[in-house]
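Worksheet: one structure, shown below.
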Amino acid sequence: MIKRPRGTRDFFKDDLTHYQFLEDTLKKILLDFNFQEIRTPLLENEELFCRSVGTDTDVVRKEMYQFIDKKGRKLVLRPEGTAAIVRAIIENKWYLPENLPLKLYYLGPMFRYERPQVGRYRQFDQLGVEIYGEENIYQNLELITLIKRIVDVFDLMNFVQLEVNFLVNGKQRQDYLNVLSKELAKKCNLCEDCNRRMKENPLRVLDCKVDQSQFADLPLMSEFFSLEEKGEWNQFLKGLDEIEIPWKWNPNLVRGLDYYTGLVFELKFLQQTLGSQTTLLAGGRYNELMKNLEGPQLPAIGFALGLDRFLLVLESLNYSFPRPKNPVLLTVPLTDKAALWNLNLLQDLRNNHLKVETDMTLKGLKHAFKVAQKTKAHYLLILGDKEMKDHQGQLKNQISGETIILPLTEIKQFLMNIKE
Ligand code: HAM
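Have a look at this one:
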């Protein structure tokens, strides 16, 4: 038997309807916040992620699905969305002032060659949100209100916490990195990856997945905040209290991607059901990325939510997903004449947006009742010789057991009235 590739999933029935509900609900929230959808290719040039996410990150070093196409181009299946959106904005010149601020969202599959486990897959879906062209504390806070809205809509307030941090910039960052490198050099138990990162990109060491406890005594980045940064950070934290989202300052939060330049955050699920994969969404500010990819200097902030993880959380909390509606009618013709007439009836009902099912196997009454049980339609209409001759039929209410006799020409109106 041929199996699906490791770390991928098939969606059907409840898995799929829950997924669609999540997708639709998130899209409605984004429309209220006036975001526009953007779609970019699943394939991108490898160089895009090397120059944005960073060559020292796990995503680029170990996790990209890379291949060379027939013309020798190095392509990858996109591991994340942000770099691709920035590429699209530059390439299509969507950065022109008349388009700003650009408030974009995307929803679709990302690919990372990670070790699969609960909540971690090799193909997974992200809902990403990005805003370009503005920078102030209140815009940062407005984005947090979007996260709060998502948390509220899905009743997750008691189960999550927003971890936040601020990555210093410019000279302060350089000063901090110098001190950090010196302190890291004194540690002899760093893992192989950290030993390499210490020299090439010391900030990445703080993202180590092997042992975080050994970093507890390192100097904090907050000690290197400029006066202005300190003031803004305190104001931002005050704003978080105002928004009433549960939050915590995690001074070692640096995120696993290199493009962040200021505020970074992760929304954590606080229960154990997801194992170690507790981050439901994550993001931050990345004001330099557009310029680094040869576009204009355009401030940017965003986050991405992992739909697969989010669904696991909702299911683990027994979230009551709406059930898909059953058909309002099942028709079962028993003769050729009735089957032909039935085709027109179905057409008419469906043209009026009624959800109807039919069984035209002409296998007789016993079979009709079996199908009716399986289909769970509200009403059953069996069409035999008698019904065709008398031009009337029995509509059996499958829920109450009642039967109504109606002229065939009135069936549509009867069902339309129920729909209303
Ligand atoms: P990220 O932290 O790499 O950020 O991923 C964001 C979210 O995607 C994670 O918090 C998680 O929910 C989900 N996720 C990541 N990897 C997997 C996986 N292997 N299986 C299942 N879910 C996963 C980014 O991708 C940035 N582009 C976010 C961003 C947008 N920053 C600014 N704008």
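My numbering applies: residue 692 is where the sequence shown begins, and numbers increase by one.
All C-beta atoms, glycine included, are put in the ideal place defined by N, C-alpha and C.
Check	Outcome
Asparagine 1033 burial status per 10 Å Cβ neighbour count (16 or more: buried)	buried
From Phe845, Asn736, Gln926, Leu998, residue whose alpha carbon lies closest to that of tyrosine 812	Leu998
Validate contact between the region 764-782 and the region 709-716 using beta carbons, cut 8 Å, 3 pairs	no
Distance, phenylalanine 1012 Cα to valine 842 Cα	16 Å
Per DSSP, cross-strand counterpart(s) of isoleucine 822	Lys794, Ile992
Inter-residue Cα distance where the pair is aspartate 706 and phenylalanine 1105	34 Å
Segment contact, 8 Å Cβ cut-off, at least three pairs: the region 755-775 with the region 831-840	no
Test item: CB-CB of methionine 755 and phenylalanine 802 under 9 Å	yes
Local Cβ density within 10 Å of proline 770, reported as buried at 16 or more and exposed below that	buried
Asparagine 1088 to phenylalanine 724 span [Cα, whole Å]	43 Å
Contacting residues, own chain, Cβ-Cβ under 8 Å from threonine 1100 (five flanking each side not counted)	His1082
Glutamate 805: CB within 8 Å of a non-hydrogen atom of the ligand HAM	yes
Cβ neighbours of proline 942 in the same chain (closer than 8 Å, five flanking residues each side left out)	Asn856, Leu911, Met912, Ser913
Identity of the residues DSSP links to glycine 974 by a beta bridge	Phe956, Phe994
Whole-number beta carbon distance between valine 851 and leucine 958, since they are thought to touch under 8 Å	6 Å
Rounded straight-line distance, which links the Cα of isoleucine 1090 to that of histidine 1058	19 Å
Alpha carbon of lysine 839 to alpha carbon of glutamine 865, nearest angstrom	34 Å
Exposed unless 16 or more other CB atoms sit within 10 angstroms - verdict on arginine 700	exposed
Proline 1024 beta carbon less than 9 Å from that of threonine 1066	no
Three-way DSSP call (helix, strand, coil) for tyrosine 756 in this model	strand
Neighbourhood of leucine 965 by C-beta distance below 7 Å, restricted to the same chain and skipping five residues each side	Val809, Gly810, Arg1000, Leu1003, Val1004
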